[in-house]
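>
So this is what it looks like as structure tokens:
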């Protein structure tokens, strides 16, 4: 093979690999992306049951109910609307009433949000960024920079 | 006193870095030796100053000097000694100081061991390292100064985030940072070569050991981080495709490609432009990782604190360094002389294939990590891209790489014999295939899991076939085979170990992804639970006092039949200073995998929610990474690549006076 042919064969191989990678990425984007919703988003334009989404807001005070097993029910609120959530599993250490939380899962037919993952991370000043932004938009929460531990 | 000394040393270091970044460069352009000679001495001085500054901050932590804001925010007088030390980098400011310390260390190493480099190249490399140091020192001094005082000083500190009060913090960030920042050496060499417009095999001989060293640390750092997350976060996950993990994984992928392409450049004088591009790209990924973690654009375990000014500053550094080096690459890469020829089926060809796949996989991770950020910036829509995306893109890309991998070392340079290689590997292929089919049929696991384990066995068996072939086992007398084994080059042994290590990791990943079991139940004392052929009995809860925390410990006894085989004591830990709570998982490793128990909330009288996992073969994931790193160490110890010892003397110039 001449130098040119060899170079062309490498370029063709590179093009093929990149095309496959791009195809995989585009294909995966159709199925695997999860959108973030607030309870208000859900109330205004409910997603069809079964679609994976993330639901964020504050855990409503006094709403956490643990049954005898390991199922936990609570309500996520953005103070305008509320959404009931059921979660089977151990809640993260920093899950508290009145604190920010993000739950990932899907809506059930009856409108309950069935979460398979609950995120409430890291420290008591911490608020998931999506939640902080959403609450700020509603004018509910006036904290400084949401994740800024140095502010106080 | 310490704080002022540290602050002053840091300011001086910035001044020295500015000298290091400019004058040697100018000297190299004018051929002025005395200016070029400034480079090594200023690099060493700069390192000494940053080290002094770092020691000052550690001293502040050791002495619990709460008049230093940073110490007050992240420490507590009752904290155990190890966490006082490691707490120094368990926060934004301190971790940036550690970052710059390692950057300065890299420059000092090049200054010390680079005496036999061509003089101009040496000066330019150090100048570029100086410029990087200057940028990050300015970042620390202007936006993230760890030495700010607090008046009046509080009596007690606010304590370190409890999740970080773990030996993992003492090990994980330094390992990871040495890996990340170590690639700055390869970057500086690449940019210097572009400026000089000259690049040859000797350049690769220099870049490769340094890249390999960084790669070893990055491999261990990522593995350590994964293991830490596994035992600390309380639910047994070992990799989350979290953006911050991806931030360390992208430089690893690019660095792995670099370590391989540098071989081609060194041996065959080919792939020059690509290798230079990879060196730039790898460090660009490191910087991107720093930006993602430190700017606060991400919500993550690692985002300590955020401040918009910091994000913009790091973004500016990122844009300047990456943009500048890519621009230079675009302008100058065409001037580099083209290298040797090779056929597609050859050692070079297989390494090119490795690079293609690793680059594509790195690209997929890059897109998945940055797409949510880009989309939010452009449209305001908030999305998350999680594990399913990466499983669907990354894994299909890796499969061909793993299949082709054992062929590479079997092929000679320039022109290879695919049929011969396939014959030598037929036993390995048969073994892998039989093992995968048997697993699928007998264990009834998932097809993917069996295939993954089969691929892992393929890599390990392929490595063994390679040893058999190289030692001519069975073809020559045993003594001759022994002699050949002993005489294997260390770099070959390293390569074989690294490849087998990947196989080991792969088996662990496949086993745990397909065979993990999970049981969540509320248990009362005396109750039992069956998991993976073992019986777990909950014996009750008891309090325990730690140095700065209180534990509530659950006691579990594990039985196989009637025989007690282990005891597991998970705990819920409350830190006295902050009142924060963490879950301390109880983990017991058996030959077939881990039993992992963590405690949840109380559920009614006396009962507590218990989360139990069986994680088959999960230790192999980290063991494989350690074997890979060990392979790197072997390769590094090869006489021919010993750091700083490429061809002696020939080009050495007397140091200018």
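Chains as they are written, first to last, in my numbering: chain A, 394 to 545; chain B, 388 to 1044.
Glycine included, each C-beta is placed from N, C-alpha and C at the ideal position.
1) Out of 928/B, 760/B and 902/B, which has the shortest C-alpha to C-alpha gap to residue 826/B?
2) If you follow the alpha helix (DSSP H) that residue 1022/B is part of, which residue opens it and which one closes it?
3) Could you give the residue range of the alpha helix (DSSP H) that holds residue 399/A?
4) Give me whichever residues DSSP pairs with residue 500/A in a beta bridge.
5) Please state the DSSP three-state secondary structure of residue 659/B.
6) List the endpoints of the continuous alpha helix (DSSP H) containing residue 778/B.
7) In whole angstroms, what separates the C-alpha of residue 413/B from that of residue 448/B?
8) Looking at residue 964/B: is its Cβ nearer than 8 angstroms to the Cβ of residue 546/B?
9) Compare the beta carbon distance of residue 845/B and residue 811/B with 8 angstroms and say whether it is the shorter of the two.
10) Is the number of C-beta pairs between the stretch 564 to 572 of chain B and the stretch 599 to 610 of chain B that are closer than 8 angstroms three or more?
11) Note down, one range per segment and in chain order, each alpha helix (DSSP H) of at least 4 residues found wholly within the stretch 865 to 907 of chain B.
12) Helix, strand or coil for residue 734/B per DSSP?
13) Can we say the stretch 968 to 980 of chain B touches the stretch 996 to 1009 of chain B, given the rule of at least three CB pairs closer than 8 angstroms?
14) Can you list, in chain order, the residues of its chain whose CB lies under 8 angstroms from that of residue 800/B, leaving out five sequence neighbours each side?
15) Are any of the Cβ atoms in chain A nearer than 8 angstroms to that of residue 928/B?
16) Going by DSSP in three states, residue 401/B sits in which element: helix, strand or coil?
17) Check whether the Cβ atoms of residue 451/B and residue 484/B sit closer than 8 angstroms, and answer yes or no.
18) Identify, in the order they occur along the chain, each residue of the same chain with its Cβ nearer than 7 angstroms to the Cβ of residue 668/B, setting aside the five sequence neighbours on each side.
19) Which residue's Cα is closest to the Cα of residue 539/B: 456/B, 433/B, 634/B and 445/B?
20) Would a check of beta-carbon distances place residue 769/B closer than 8 angstroms to chain A?
21) Near residue 955/B, what residues of its chain come up, given a Cβ to Cβ distance below 6 angstroms and the 5 sequence neighbours on each side ignored?
22) Residue 474/A touches chain B at which residues, Cβ-Cβ below 8 angstroms?
23) For residue 534/B, decide whether its Cβ has a neighbour in chain A, counting only Cβ atoms nearer than 8 angstroms.
24) Would you kindly report the start and end of the unbroken beta strand (DSSP E) that includes residue 968/B?
25) Run through DSSP, which three-state label would residue 430/A get?
26) Spell out whether any CB of chain B is found under 8 angstroms from the CB atom of residue 456/A.
27) Give me, in chain order, the residues of the same chain whose beta-carbon lies closer than 7 angstroms to that of residue 487/B; leave out the 5 immediate sequence neighbours on both sides.
28) Determine the burial state of residue 423/B: buried for a count of at least 16 other Cβ atoms within 10 Å of its Cβ, exposed for fewer.
29) Who pairs with residue 942/B in a beta bridge, going by DSSP?
30) Can you pull the DSSP bridge partners for residue 918/B?
31) Would you verify that the beta carbon of residue 972/B is, or is not, closer than 8 angstroms to some beta carbon of chain A?
32) Three-state secondary structure (DSSP) at residue 985/B?
33) Step through the CB atoms of chain B and report whether any lies within less than 8 angstroms of the CB of residue 482/A.
34) Quick one: which chain A residues come within Cβ less than 8 angstroms of residue 747/B?
35) Nearest to residue 783/B by CA position, among 763/B, 806/B and 749/B, is which residue?
36) Counting only the same chain and skipping the five closest in sequence on each side, list residues whose C-beta sits under 7 angstroms from that of residue 1002/B.
The structure says:
1) 902/B
2) 1006 to 1024
3) 396 to 425
4) 506/A
5) helix
6) 774 to 791
7) 41 angstroms
8) yes
9) no
10) yes
11) 865 to 873 and 877 to 902
12) helix
13) yes
14) 654, 655, 729, 733, 734 and 735
15) no
16) helix
17) no
18) 641
19) 456/B
20) yes
21) 943, 973, 975 and 984
22) The contacting residues do not exist; residue 474/A stays about 17 angstroms from chain B at best.
23) no
24) 968 to 971
25) strand
26) no
27) 437, 520, 523, 524 and 527
28) buried
29) 927/B
30) 921/B
31) no
32) strand
33) yes
34) 410, 411, 413 and 414
35) 749/B
36) 623, 899, 903, 980, 981 and 983
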